[in-house]
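If you're matching positions, the sequence shown starts at 1 in the UniProt record's numbering and goes up one per residue.
The beta carbon of each residue, even a glycine, is placed where N, CA and C say it ideally should be.
None of these values were measured; they are calculated from a predicted model.
Step one of this worksheet: look at the structure below.
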Amino acid sequence: MMVIGSRQATLPVPGLGPLAETSQLPPRNHEWKIWAVVIPATAALTFCLGLAMDRVLLGVAAAVVLLIASAAVIAFGIRDQRRGEIIDNTLEAVAPMLGVRKLSRALLRVSRWKNGWVGTPGRAKLRYANQVNGRDPKWVGGVLEVLDRNLGGHYQVKGHNHRTKLLVLALDETPAKEEVLPSEQVQRVLAVVKELLGESATVECEEDGDEIKNVTVTHKQGIHMAMVGRRQRVEKVISARMHGRWVAHWDLQNDIVRFTQRPELPTLVYPIYEDVDRTDAHASYLKLKLPYGVDENGNIIFWQPALNPHMLVVGGTGTGKTVVEHGFLEQIARQGYRIWVIDGKRIEFVGFRGYPNVELVASRVEHQVRMIIAAHELMEERYTLIEAGKATLKDFDPLFLIIDEYATLKARIVRWYKTVKQKGDPTQPPILELIEDLARLARSAKIHMILGLQRPDVSFLGGEMRDNFAARISMGRLSPQGANMMWDSFAIGVALPRNVRGRGVSTDAESNPVEIQTFWNPDPAKGDLPEYLEKAQPEETTYPRMMILDPDIEADLDGSTQDPDYEPGYRDYAEARIVPFDARIADEMAPTPPARAAHTSKALPEANDETDDPESAGEEDAEDSMESTIGLFEGYRPATQEKASSLEEGDAVLIDEALGLWGIVTDVEPEDDDYLILDYRDIETGEADSASITADTWLHIRRPDEQEGRGRK
Numbered sequence: 001m002m003v004i005g006s007r008q009a010t011l012p013v014p015g016l017g018p019l020a021e022t023s024q025l026p027p028r029n030h031e032w033k034i035w036a037v038v039i040p041a042t043a044a045l046t047f048c049l050g051l052a053m054d055r056v057l058l059g060v061a062a063a064v065v066l067l068i069a070s071a072a073v074i075a076f077g078i079r080d081q082r083r084g085e086i087i088d089n090t091l092e093a094v095a096p097m098l099g100v101r102k103l104s105r106a107l108l109r110v111s112r113w114k115n116g117w118v119g120t121p122g123r124a125k126l127r128y129a130n131q132v133n134g135r136d137p138k139w140v141g142g143v144l145e146v147l148d149r150n151l152g153g154h155y156q157v158k159g160h161n162h163r164t165k166l167l168v169l170a171l172d173e174t175p176a177k178e179e180v181l182p183s184e185q186v187q188r189v190l191a192v193v194k195e196l197l198g199e200s201a202t203v204e205c206e207e208d209g210d211e212i213k214n215v216t217v218t219h220k221q222g223i224h225m226a227m228v229g230r231r232q233r234v235e236k237v238i239s240a241r242m243h244g245r246w247v248a249h250w251d252l253q254n255d256i257v258r259f260t261q262r263p264e265l266p267t268l269v270y271p272i273y274e275d276v277d278r279t280d281a282h283a284s285y286l287k288l289k290l291p292y293g294v295d296e297n298g299n300i301i302f303w304q305p306a307l308n309p310h311m312l313v314v315g316g317t318g319t320g321k322t323v324v325e326h327g328f329l330e331q332i333a334r335q336g337y338r339i340w341v342i343d344g345k346r347i348e349f350v351g352f353r354g355y356p357n358v359e360l361v362a363s364r365v366e367h368q369v370r371m372i373i374a375a376h377e378l379m380e381e382r383y384t385l386i387e388a389g390k391a392t393l394k395d396f397d398p399l400f401l402i403i404d405e406y407a408t409l410k411a412r413i414v415r416w417y418k419t420v421k422q423k424g425d426p427t428q429p430p431i432l433e434l435i436e437d438l439a440r441l442a443r444s445a446k447i448h449m450i451l452g453l454q455r456p457d458v459s460f461l462g463g464e465m466r467d468n469f470a471a472r473i474s475m476g477r478l479s480p481q482g483a484n485m486m487w488d489s490f491a492i493g494v495a496l497p498r499n500v501r502g503r504g505v506s507t508d509a510e511s512n513p514v515e516i517q518t519f520w521n522p523d524p525a526k527g528d529l530p531e532y533l534e535k536a537q538p539e540e541t542t543y544p545r546m547m548i549l550d551p552d553i554e555a556d557l558d559g560s561t562q563d564p565d566y567e568p569g570y571r572d573y574a575e576a577r578i579v580p581f582d583a584r585i586a587d588e589m590a591p592t593p594p595a596r597a598a599h600t601s602k603a604l605p606e607a608n609d610e611t612d613d614p615e616s617a618g619e620e621d622a623e624d625s626m627e628s629t630i631g632l633f634e635g636y637r638p639a640t641q642e643k644a645s646s647l648e649e650g651d652a653v654l655i656d657e658a659l660g661l662w663g664i665v666t667d668v669e670p671e672d673d674d675y676l677i678l679d680y681r682d683i684e685t686g687e688a689d690s691a692s693i694t695a696d697t698w699l700h701i702r703r704p705d706e707q708e709g710r711g712r713k
C-alpha cells in the first residue's frame, strides 16, 4: 500500500507511455472451451471402462459427475467470457483518456461483481499515464461517464492516488430514484415560465396533491426584471395562463421569483387582543396598533392612531360596519383609554353603556351635540396648556370619539337646531364646524375620531375632511362612484363577494388597498361569543361612566328656580354639565316612549345592524342606496359595444355572453402581438380572474356614470 508522504517506489505498470499506439486489445484465451470438450470425453471414456470392467454403476456415477463438472465449466466459462468482453470494451472506450502508448488489461482491474449472473463490477481500479492531469474534475467526470455507460452502473470516486496515477472507483448502490414525468400542470408551468423568462430559466414546482402551490424560478433576465412594467407583465401573463390566482415575490438581487397561489379569504375571523403595556403611557400610545381584520395572506391589518389619527368606516346596512366599530371600542377600552360614543341609531351601542372606560354613550341628539362641544373644548384646553408651557403631549391621555352614522347625525342636528335656535344664534348649527376642527386639529391634542358612514358622501369625502381620514375601511360592495371617492378607483371594492358579512377593503402596511375579512367582534348587548367577551374585558376601569345633564334637571339639582314656561335653547344644551353617572337621575331624564309604542303588541326587535332608527328613517332611506341590495349595474351607464382597446379600470365588461358573465375591470395591460391582458372580478361572486384578448375585439361595456361622482382622474 502506498503511504502518503513516503518515498516508496511503485511497481511499473505495463503499457504506460506518452502516446497510445493502438486502442485494440489482443484476444483473450478461453481455456474453458478446451475443458468443455475434454471433460465430456473423459466422462464417455469412464462410462466405457465401467462397462468393460463390469462396474456399470461406478462408470455411470463417474460419468454423471464429470458431465455436471462440464456443465459448470461451460456456465462459468461463458460468464467469464462475457465479463471479459465488458472489461475489454470499457478499457478500449476509456483508452483515449488514459494517455498510454499501448493498451494493457493491467490498466483496468475490476472485482466484487454483483447484481446478476454476469453482474456489474462493485469496484474498479484504473491506472493512467503521467502526463494526464488527474486533478482535472472534467477528466475525472469524463472517466466516470465512460465507465457508467460501459459497465452498466453508476460509479463514484472511492480513492485517488495522484502519485501512483491510480483511480479507485466504487459502484454507487444508492437506489435510483424513479423518474417521475411532470404532470400536465407542471408542463404547462414550465412552458409558460420559459416563454416569459427564457429557456435558461430553471423551474421548481411544489405540488400538494394535484395542485401546484408554489413555483420558484431562477432566471437570467435581471436587467429586464428591474423595470416595474416588465415584472407586472410577467405577473399578469402568469395569472392569465396558469390555473388559479397567483402573486409574485421578486428577489431582484438574486434573480429569483417565487409565485404562490393566493389563498382564499376566510369568511369568519375571531378577534385577537394585544397585550396591555402601560409602563410608559406615552410610549405605549405611540406604538398602539388596533387590529381589526386579516388580508388574503393572513396578515393582521392594524390601525395605528399615532400615525393616522382618524378612522373612517363606510358600509351599508348588514355589511358589518357597526361590528367593526364595536371591535375598535373593545380594543381601545382594553388598553385603558378614554372613549366617548355617539350612537347614531340610538340602540347599536346599548351594550356598552357602563362598559369599562366608556365614559359617555350619547343617543339623544342634544347629548350628542354636547359631547362634540366637550371634545372640542378639551382640544382647546390642551392646546392652551401646551402653548403656555404648562404641559406637553406626554401629559395627556388619548380620547377616542366614536361617531356612528355621521350623515344621519348631521341631518338630525340641523333639524333639532331649528327647534332650539334662539334670537341671536347663528343661522346654521355651529357644531358642524367644530367637527371639521376636530378632524383637522385634534390629533395634536391626542384626540382621535372613528367615523361611521352608510355610504361615501361627496360632501364629506370631497374636500379636506377626506384627507384627514387616511385610515379607511369600506365594508361590503361599493358603487363605482363610491369606490372612486374612497380608493381613487372605479373598481376597488365594487365586486366584493355577496352575502359575506365582514368583507371589505382597507389599506395594508404599505398603504395599498387590499381586500380584508374583519373580525367578528362580540356585542355585550347580545351576549354572543362569551369567550371573546371575557378576553375583551378591560382588566381595570380607568375612566368610570359619566352622564350629560339636561338643562331642566341641572336646574333642579342646583335648587335654582326656573320659569316653567322657559324652553332651553341651543346654548343651554351646549353648556350642559357632564357629571358622574347616577342611575336615579338617568331615569328622570329618560324620554317617555310614544303612546303607540306603549300599546304595541310586538316586542322590539333585537338591536343589530338591520334595525332602523325611527327618528331618522327619512335620512337613512337616502343612504341605503349603497346597501347590499344595490343592483348589479347601479352607478353604470347603459351598455355599448366598443373595442377592447378602449377598456379602463372600473368598467363593467361582458366576459361571456352565453353565460351572461359580467366582470369589473381591475387592470388592463398590453401584451405582445396586439393582445391585452384583462384583469377583472366577477360582478356576482367577486372572484378575481384574467383573460387574454385582442385589442380590436368588440365587447359590451358599461362605463361608470361620472355624473354621480367626481369623474375620472
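Along the chain, where does the beta strand (DSSP E) containing residue i start, and where does it finish?
| i | result |
| --- | --- |
| V361 | V358 to A362 |
| Y292 | L290 to D295 |
| I347 | Where I347 is concerned, there is no enclosing beta strand (DSSP E), given that its DSSP letter is neither H nor E. |
| E206 | T202 to D208 |
| N214 | E211 to T218 |
| Q156 | Y155 to N161 |
| Q517 | P513 to T518 |
| D679 | Y675 to D682 |
In this structure, does DSSP put residue i in helix, strand or coil?
| i | result |
| --- | --- |
| P551 | helix |
| I403 | strand |
| G5 | The pLDDT assigned to G5 is 37, lower than 50, so where the model puts this residue is not dependable; a value taken from the coordinates is nonetheless given after this. Three-state result, G5: coil. |
| A639 | coil |
| E264 | coil |
| M53 | coil |
| S628 | Residue placement at S628 is poorly supported in this model, since its pLDDT is 37, which falls under 50; the coordinates still yield a value, given next. Correct three-state label for S628: coil. |
| R503 | strand |
| G408 | Note on identity: in this sequence residue 408 is Thr, with Gly being the wrong assignment. DSSP places T408 in helix when its eight states are reduced to three. |
| S692 | strand |
| G222 | helix |
| E274 | coil |
| D572 | helix |
| V132 | coil |
| K114 | strand |
Less than 6 angstroms between C-beta atoms, sequence neighbours within five positions excluded: which residues of the same chain meet that for residue i?
| i | result |
| --- | --- |
| V323 | N521 |
| N89 | N150 |
| E615 | Unreliable positioning characterises E615 in this predicted model, as indicated by a pLDDT of 39, which lies under 50. A coordinate reading is not provided. |
| residue 741 | Past the edges of the chain, shown from 1 to 713, lies residue 741, and the structure says nothing about it. |
Spatial neighbours of residue i within its chain, please: CB distance less than 7 angstroms, with the 5 preceding and 5 following residues excluded, ordered by chain position.
| i | result |
| --- | --- |
| R370 | I548, Y573, A574 and A576 |
| Y566 | none |
| Y417 | P429 and Y570 |
When we look at the beta-carbon of residue i and count the other beta-carbons within 10 Å, is it buried (16 or more) or exposed?
| i | result |
| --- | --- |
| F76 | exposed |
| T694 | exposed |
| G663 | buried |
| Q454 | buried |
| L647 | buried |
| T317 | buried |
| D696 | exposed |
| C205 | buried |
| W698 | exposed |
Check whether the Cβ atoms of residue i and residue j lie closer than 8 angstroms to each other.
| i | j | result |
| --- | --- | --- |
| P271 | E296 | no |
| R703 | R637 | yes |
| H224 | D255 | no |
| T666 | A411 | no |
| N357 | R338 | yes |
| P398 | Y292 | no |
| G122 | Y128 | no |
| L265 | I332 | no |
Any chance the CB of residue i is under 7 angstroms from a heavy atom of the ligand FAD?
| i | result |
| --- | --- |
| Y543 | Because no ligand of any kind appears in the structure shown, any question about the ligand FAD cannot be addressed here. |
Which first and last residues belong to the alpha helix (DSSP H) in which residue i is found?
| i | result |
| --- | --- |
| A586 | A583 to M589 |
| S239 | V228 to R241 |
| S284 | A281 to K287 |
| F328 | K321 to R334 |
| A439 | I431 to L441 |
Determine, for residue i, whether the minimum Cβ-Cβ distance to residues of chain B falls below 8 angstroms.
| i | result |
| --- | --- |
| E534 | This model lacks chain B altogether, as it is built from one protein chain only. |
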